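Protein chains: 2
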Amino acid sequence: MSASVRVALDAMGGDKAPSETVLGAVQAAREYDMGVYLVGREDIIRAELAKHDTNGLDLPVVHTDEVIEMDEHPASAVRRKKNASMLLALQLVRDGAALGAVSAGNSGAMMAASLFTLKRIPGVERPALGGVFPTKVNACMVIDMGANTDCKPEYLQQFALMGSIYMERIFNVSSPRIGLLANGEEESKGNQQVVETHQLLKRSASTLGLNFIGNVEGRDIPGGTADVVVCDGFVGNVVLKLGEGLGEALLDLLRTEMTSSLVNKLAAAILKPGLRKVFKRLDYAEYGGVPLLGVNGSAIISHGRSNARAIKNALRVARQTSERGVAKAIGDGLSKLSAEV
Amino acid sequence: MSASVRVALDAMGGDKAPSETVLGAVQAAREYDMGVYLVGREDIIRAELAKHDTNGLDLPVVHTDEVIEMDEHPASAVRRKKNASMLLALQLVRDGAALGAVSAGNSGAMMAASLFTLKRIPGVERPALGGVFPTKVNACMVIDMGANTDCKPEYLQQFALMGSIYMERIFNVSSPRIGLLANGEEESKGNQQVVETHQLLKRSASTLGLNFIGNVEGRDIPGGTADVVVCDGFVGNVVLKLGEGLGEALLDLLRTEMTSSLVNKLAAAILKPGLRKVFKRLDYAEYGGVPLLGVNGSAIISHGRSNARAIKNALRVARQTSERGVAKAIGDGLSKLSAEV
């Protein structure tokens, strides 16, 4: 196993770390034939590793005592804890030892640390979080999902390019359909920011090689009519949280009804395999975390509640994001835009 | 039956008009002991009425040939069709013959027509649409749901007041909890508009008698932690459409699994009464349409797909909005604010 197929994992990050993070790494190492740097407190990580069969797996431990906690202020924690596990994981990427980094820890800190360590791709105005949602048909990336609250039209234009490249290379969508999130499909709809962005995307779509399908509405995200939905990070965060909350509330209601009597419980048991398929489709763990696009390298921010499967998938995505040249393609795309202007 | 308990219905408005609109009116007249003006083409309305037992019910028909179609441009349609059914319904409110008006027709036109006919309550900057969503616990009004895309903090402040009064008087919530929709709960979170609105609401809450609980996130809408969630109409529209789309997509997925085999169908049949309870909770038809708050009178915009039950509930809400003095309370609240300044 060569160092070139290793990914770095913040083994201490997330509500279920280190047990689920280490297990996810073990699973990824075996299933995807890749190496995983486990960054964090060596004794704790070794104790977790000892619980699993790691025979023949490439799971080097990189020790550090410092960990950024979930409730710390992102920017100041990153400044203060120079040896925090997520920072060391990102440094392995910067130094070429790892293809990408994954953390399920403090997501604001992971964002700040990625920006600080990997820097922006030349030409990128603002890196953005691209969250992948399940749809009726396949999957849809909503970008930005919370990195930038106030956005200029030029930022949104870049989000469109970054999302398109990601969905093409990681989700194998050819010529991804890019929609601009608005309050109506007509070109005239939207707030001032969106109306301007619409015109900008329309003008630059052919230069950037974007399949811009115009404005889309909230229902198009689950509806699967677009592969990438572009919005600012304020709206994207509302979309993310509402989606999670609605899914949970609806499943809660169903669960209550399905366990309200013995007969209902029996009926629910019969439906279980099918329902499990539905839940699996809705499970963020399947989608491998949220890439921070626009930084010079592969950085994946996983859900704080990530279980081993989520970590395993995030490690796979971190590797693919690097191997399939997402960052390079973003830089190339943006240079076309600046050549045009 | 006196004229003072009549509500005006645009009998021609909505995808299921006139059959479901007329039926909804018949049901409301019987169930709530109220009169309903049926505004539209008399022959068509009479033909529908003839299908039902209307004995003893107060269902006067107000004839007009003009109808605003779903795909017409709202403002120009309202200007051109001076005798459109929704306009005549609103004129009955303006002239004191009806307590309120309901239309499931072109919602943009109903909004423009309401503003044009009823005018704004003195002091109101922008009337807003208040949509009521089911929550885990009860119901939550999201305001504005699409009337105003670009909003100043002062508009959002007024939306908070209008939503609070509505939830208190129509949903009987005492001291409604007002949340400001943001990308995080901390006071510092939000885009520029939201950060400024937060301060404005904080300062004016006691003057306005608002129970302002601070920033809330998307998950708080289904979560039921706020009774009123304030946002601009761009974000509110995204929330509405995403909510509808997600609910539909999830139910589609469940339905597919539940009918995928004979055994599953049988199990689903056992669960049906319970599931129906869930679907009923999620059904917009239960919540009686969306009030346009801030106009001088009671105007309810119903979903284009409204069935008779949705129309019946909207007629009830239109009556209550008037009888419980929502518009007057909004005017009184705003005058407190201007007295303060």
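Residue numbers (the numbering used here), protein chains in the order written: chain S, 1 to 341; chain E, 1001 to 1341.
For glycine and all other residues, C-beta sits at the position ideal for the given N, C-alpha and C.
These figures come from a predicted structure and were not determined experimentally.
Grab me the residues of A205/S's own chain with a C-beta within less than 7 Å of its C-beta, minus the 5 sequence neighbours each way, in chain order. Position 205 of the first sequence holds residue 205/S. The residues are F212.
Interface residues of chain E around D150/S at Cβ under 7 Å? Here residue 150/S refers to the residue found at position 150 of the first sequence. Per Cβ cutoff of 7 Å: N1191, Q1192.
What residue ranges within the segment 1183 to 1221 of chain E form continuous alpha helix (DSSP H) runs of no fewer than 4 residues, ordered along the chain? 1192 to 1208
In three-state terms, what does DSSP make of F116/S? As a first step, residue 116/S must be located in the first sequence, where it is residue number 116. Helix at F116/S.
Which residues of the segment 1205 to 1220 of chain E have a Cβ closer than 8 Å to any Cβ of chain S? Give them in chain order. E1217, G1218, R1219, D1220
Which residue spans inside the segment 1148 to 1181 of chain E form an unbroken beta strand (DSSP E) run of at least 3? 1177 to 1181
Pair within 7 Å by beta-carbon distance, V1039/E and A1017/E: On the second sequence, position 39 is the one that residue 1039/E refers to. On the second sequence, position 17 is the one that residue 1017/E refers to. Taking 7 Å as the Cβ cut-off, V1039/E and A1017/E do not qualify as a contacting pair.
Can you check whether the C-beta of L1237/E is within less than 7 Å of a C-beta belonging to chain S? Along the second sequence, one-based indexing puts residue 1237/E at 237. Note on residue identity: the sequence assigns Asn, not Leu, to residue 1237/E. Yes, because at least one Cβ of chain S sits closer than 7 Å to the Cβ of N1237/E.
Between the segment 256 to 271 of chain S and the segment 1259 to 1273 of chain E, are three or more C-beta pairs nearer than 8 Å? yes
Could you please give me the residues that DSSP links to H63/S through a beta bridge? Along the first sequence, read from residue 1 onward, the residue named residue 63/S stands at position 63. Paired residue(s): G40/S.
Residue nearest to D150/S in terms of C-alpha spacing, selected from I1143/E, E1125/E, M1145/E, N1183/E: Position 150 of the first sequence, counted from the start, is the residue given in the question as residue 150/S. Here the closest residue by C-alpha is N1183/E.
So which residues of chain E does S260/S contact, with C-beta pairs closer than 9 Å? For this step, residue 260/S is matched to residue 260 along the first sequence. G1274, listed in chain order.
Residue span of the beta strand (DSSP E) that contains L1129/E, given as start and end: The residue labelled residue 1129/E in the question sits at position 129 within the second sequence. Its beta strand (DSSP E) spans residues 1128 to 1134.
Within 7 Å of any Cβ in chain E, is that where the Cβ of L246/S sits? Residue numbering aside, residue 246/S sits at position 246 when the first sequence is read from its first letter. Yes, its Cβ sits closer than 7 Å to a Cβ of chain E.
Note down, in chain order, each residue of its chain lying with its Cβ closer than 8 Å to the Cβ of S1002/E, except the 5 sequence neighbours on either side. Against the second sequence, residue 1002/E aligns to sequence position 2. Here S1002/E scores only 47 on pLDDT, less than 50, and its place in the model is too uncertain to base an answer on.
Length of the line joining the Cα atoms of G1000/E and I1300/E: Any question about residue 1000/E goes unanswered here, given that chain E covers just 1001 to 1341.
Of the residues V326/S, K328/S, A47/S, Y166/S, the one placed nearest V61/S, counting alpha carbons only: Your numbering for residue 61/S matches position 61 in the first sequence. If we check each option's Cα against that of V61/S, A47/S comes out closest.
Considering just the uninterrupted stretch of the alpha helix (DSSP H) at G1100/E, what are its terminal residues? Numbered from 1 along the second sequence, position 100 holds the residue referred to as residue 1100/E. That residue, G1100/E, is in no alpha helix (DSSP H); its beta strand (DSSP E) goes 1100 to 1103.
When DSSP labels each residue in this structure, what does M1343/E get in the three-state scheme? This structure cannot speak to residue 1343/E, because chain E is shown only from 1001 to 1341.
Chain E within 7 Å of G105/S, Cβ atoms only: As a position in the first sequence, residue 105/S is number 105, starting the count at 1. Chain E contact via Cβ: absent.
In whole angstroms, what separates the C-alpha of V235/S from that of M145/S? Counting from one through the first sequence, the residue named residue 235/S turns up at place 235. Counting from one through the first sequence, the residue named residue 145/S turns up at place 145. Taking the straight line from one Cα to the other gives about 8 Å.
Which partner residues does C140/S have in the DSSP bridge list? Residue mapping note: residue 140/S aligns to position 140 of the first sequence, counting from 1. F133/S.
What's the call for N1055/E, buried or exposed, on a 16-neighbour Cβ count within 10 Å? Translated into positions along the second sequence, residue 1055/E becomes position 55. Exposed.
Could you check where the beta strand (DSSP E) with I301/S kicks off and where it finishes? The sequence position of residue 301/S within the first sequence is 301, counting from 1. Element bounds for I301/S: 298 to 301.
Three-state class that DSSP yields for L292/S in the structure shown: Translated into positions along the first sequence, residue 292/S becomes position 292. In the structure shown, L292/S sits in a strand (DSSP, three-state: E or B).
Which whole runs of the beta strand (DSSP E) in the segment 1228 to 1277 of chain E are 3 residues long or more, in chain order? 1228 to 1230
Closest Cβ-Cβ distance between E1257/E and chain S: below 7 Å? What you label residue 1257/E is simply residue 257 of the second sequence in a count that begins at 1. Chain S contact via Cβ: present.
Anything in chain E within Cβ reach of P153/S, meaning under 8 Å, just list it in chain order. Locating residue 153/S in the first sequence gives position 153, where the first residue counts as 1. None at all; the shortest Cβ gap to chain E is about 14 Å.
Nearest to H63/S (by Cα), restricted to the options E42/S, E69/S, L161/S, P74/S: One-based indexing of the first sequence puts residue 63/S at position 63. Residue E42/S is the option with its Cα nearest to H63/S.
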